[in-house]
Every structure is written in C-alpha cells, then in structure tokens.
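> The numbering of the sequence shown is our numbering, which starts it at 207 and goes up by one.
Backbone N, C-alpha and C fix where the C-beta goes; we use that ideal spot for every residue, glycine too.
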Amino acid sequence: MTSSPRRIIVAISGASGAVYGVRLLQVLRDTPGIESHLVVSSAGWRNVEEEHGLQRPDIEALAHHVHDIANVGALIASGSFQCSGMVVAPCSMRTLAAIAHGLSDNLITRAADVLLKERRRLVLVVRESPLSLIHLRNMVSATEAGAVICPPMPAFYLRPKTIDDIVDFSVARALDLLDVPHTLAARWNGQVNE
Numbered sequence: 207m208t209s210s211p212r213r214i215i216v217a218i219s220g221a222s223g224a225v226y227g228v229r230l231l232q233v234l235r236d237t238p239g240i241e242s243h244l245v246v247s248s249a250g251w252r253n254v255e256e257e258h259g260l261q262r263p264d265i266e267a268l269a270h271h272v273h274d275i276a277n278v279g280a281l282i283a284s285g286s287f288q289c290s291g292m293v294v295a296p297c298s299m300r301t302l303a304a305i306a307h308g309l310s311d312n313l314i315t316r317a318a319d320v321l322l323k324e325r326r327r328l329v330l331v332v333r334e335s336p337l338s339l340i341h342l343r344n345m346v347s348a349t350e351a352g353a354v355i356c357p358p359m360p361a362f363y364l365r366p367k368t369i370d371d372i373v374d375f376s377v378a379r380a381l382d383l384l385d386v387p388h389t390l391a392a393r394w395n396g397q398v399n400e
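#1: On the DSSP bridge assignment, give the partners of G291 in chain order.
#2: What number of angstroms, rounded off, separates the C-alpha of M207 from the C-alpha of K367?
#3: Taking the straight line between their C-alpha atoms, what separation do you get for C356 and A380?
#4: Using 10 angstroms around the beta-carbon of N344, count the other beta-carbons present and answer buried if the total reaches 16, otherwise exposed.
#5: What does DSSP give as the partner residues of I305 in its beta bridges?
#6: Please determine if the region 286–305 and the region 322–340 are in contact, where contact requires at least 3 C-beta pairs separated by less than 8 Å.
#7: Within the chosen definition, does the region 361–376 reach the region 250–261 through at least 3 CB pairs nearer than 8 Å?
#8: Out of A392, H341 and V354, state which residue places its alpha-carbon closest to the alpha-carbon of A361.
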C-alpha cells in the first residue's frame, strides 16, 4: 500500500505580500509527499502580477491543483476533502472579516470555513498596517474559531541579508504551523549566559 500525499490548500487574497503565497507554493512543490491546492482571488492575481511581474500560468504551474475562486462547489469546499491544513498568504482584511464571520461567499472563505468546522489547521498570514479595532476584533474572532493568526514579522535576531531571507522566515513559520519540514530559516539555538 502506498500512502496518500498530505494535501495543503494555499490561498492568495488581495493584500500586498503575494510573495508569501508564491514562496509557500514553491516550497510545497519541492516537498515530497505534499499535494498543494491553490485558489487565488481576483485582487490576489493582480498583486501577483504587480509585485512579482509573473503571469497567472507561472503561478498555477507551482501548484498541483488550481481551483477557481467562484467555484464554491470545488472539492476543497467540502468537509469530506481530507487535507492537513490551509494557509491564506497574504490574508487581506476583507478575507479575514469574511472568515471571522463565516461568510462563505467565495472558494477561499468557504474552504477556510470548512477547515474551521472540521477542526483542521487554518493559518492566516494577515497583512495590514496599522490595524484598526475592527481588524483586531476580527483577528480575535478568527482565533476563537480556531484559526492561527500568523502575520509576516521578520526576525532580525537572525540577521537577514536579503528580502528573500525575510520572506523565507515568515513562510517557515507558516510551514512549522502545518508541521511541514523545511530548511528555509535558521532556528534559534538559545543564548549561553556566562
């Protein structure tokens, strides 16, 4: 008997920071035993093009399966779809609000709702600054429902040298939350006090 691959859903919504979702797809593509499922909002596609200069086919080629944002009948919209988790990277404040309030109005928010009701790992790489009280309350609501809020915060104690180092650290944190092995970022080994 062969074991099935671990399925992970990657969603790219309309906040700045499409680089996080793209990098996540690159790592998952190269990780044995992982099957990635991609869904991107229309604003997400726009950010991919503006921030990366990449076209839709370039990004779709990074995923094992691609789902249309409008197809709320896709297999990832069902609790019977077995998956290990989902990452929304980046997660816009609009997408956060919809997830926090159970508004399954597109495939990203429907799949997220399914992950929450099935008690599976949902990681939201929220991207906005500064944060309003509405944003903060939506983060609390999503957390209370079972999501993990994982904003992309660089760890300067690791002394990143490039933007790629900063991106990789945040992607590494999301992968850790999904229990996906990686070598993207150094781990802190503690400090010896003398």
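With the structure as the only source:
#1: By DSSP's assignment, G291 forms a beta bridge with I214 and R327.
#2: Note that M207 scores 43 on pLDDT, short of 50, meaning its location in the model is unreliable; the coordinates nonetheless yield the value given after this. Looking at the two C-alpha atoms, the distance is approximately 45 Å.
#3: Distance between the alpha carbons of C356 and A380: 7 Å.
#4: Per the 10 Å Cβ criterion, buried.
#5: According to DSSP, residue pairing for I305 in a beta bridge does not occur.
#6: The region 286–305 makes contact with the region 322–340, as at least three CB pairs between them are under 8 Å.
#7: Because the criterion of three Cβ pairs below 8 Å is not met, the region 361–376 and the region 250–261 do not touch.
#8: Of A392, H341 and V354, the residue nearest in Cα terms is A392.
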